[in-house]
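First up is the structure itself, then whatever we jot down about it.
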Amino acid sequence: MGERQEVKLLGTWYSPVVARAKIALRLKSSELLLKSNPVHKKVPVLIHNNKPILESLNIVEYIDETWNASGPSILPSHPHDRSQARF
Numbered sequence: 001m002g003e004r005q006e007v008k009l010l011g012t013w014y015s016p017v018v019a020r021a022k023i024a025l026r027l028k029s030s031e032l033l034l035k036s037n038p039v040h041k042k043v044p045v046l047i048h049n050n051k052p053i054l055e056s057l058n059i060v061e062y063i064d065e066t067w068n069a070s071g072p073s074i075l076p077s078h079p080h081d082r083s084q085a086r087f
């Protein structure tokens, strides 16, 4: 994914679930923009190409799958191991 894409992570700086999504973005070397979220009333929210993704684990999985060629894999490839990592 060489083209430049707009990515925004919406959340509060002190939230551990936002931190999880931020770590995933850093592992994939993606740029990060933090803003407030008046629309969904829920954080964190990742907005990629104007499409929102909610919930930190969903965001981490999305980041891992979308930028799979960049950086290390975040979740294990084996289904059982991946299910354990989701806890």
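When we follow the UniProt record's numbering, the leftmost residue of the sequence shown carries the number 1, and every step to the right adds one. Each residue gets a CB set at the ideal place from its N, CA and C atoms; glycine is no exception. Everything numeric in this text was worked out from a predicted model, so none of it was measured.
Secondary structure of residue i, DSSP reduced to three states
| i | result |
| --- | --- |
| Lys-28 | coil |
| Asn-37 | Because the pLDDT of Asn-37 is 47, which lies under 50, any placement of that residue in the model is unreliable, and the number read from its coordinates should be weighed accordingly. Three-state result, Asn-37: coil. |
| Ala-69 | coil |
| Ile-74 | coil |
Run of the alpha helix (DSSP H) containing residue i, from where it starts to where it stops
| i | result |
| --- | --- |
| Pro-79 | 79–85 |
| Glu-65 | 56–66 |
Cross-strand partners of residue i (DSSP beta bridge)
| i | result |
| --- | --- |
| Val-7 | His-48 |
| Ile-53 | Leu-46 |
Any non-hydrogen atom of the ligand ZN within 6 Å of residue i CB
| i | result |
| --- | --- |
| Arg-26 | The ligand ZN is not part of the structure shown, which contains no ligands of any sort. |
Classification of residue i by the beta-carbon crowding that lies within 10 angstroms, buried from 16 upward
| i | result |
| --- | --- |
| Ser-56 | buried |
| Pro-44 | buried |
| query | Is the number of C-beta pairs between the segment 67–83 and the segment 44–51 that are closer than 8 Å three or more? | reply | no
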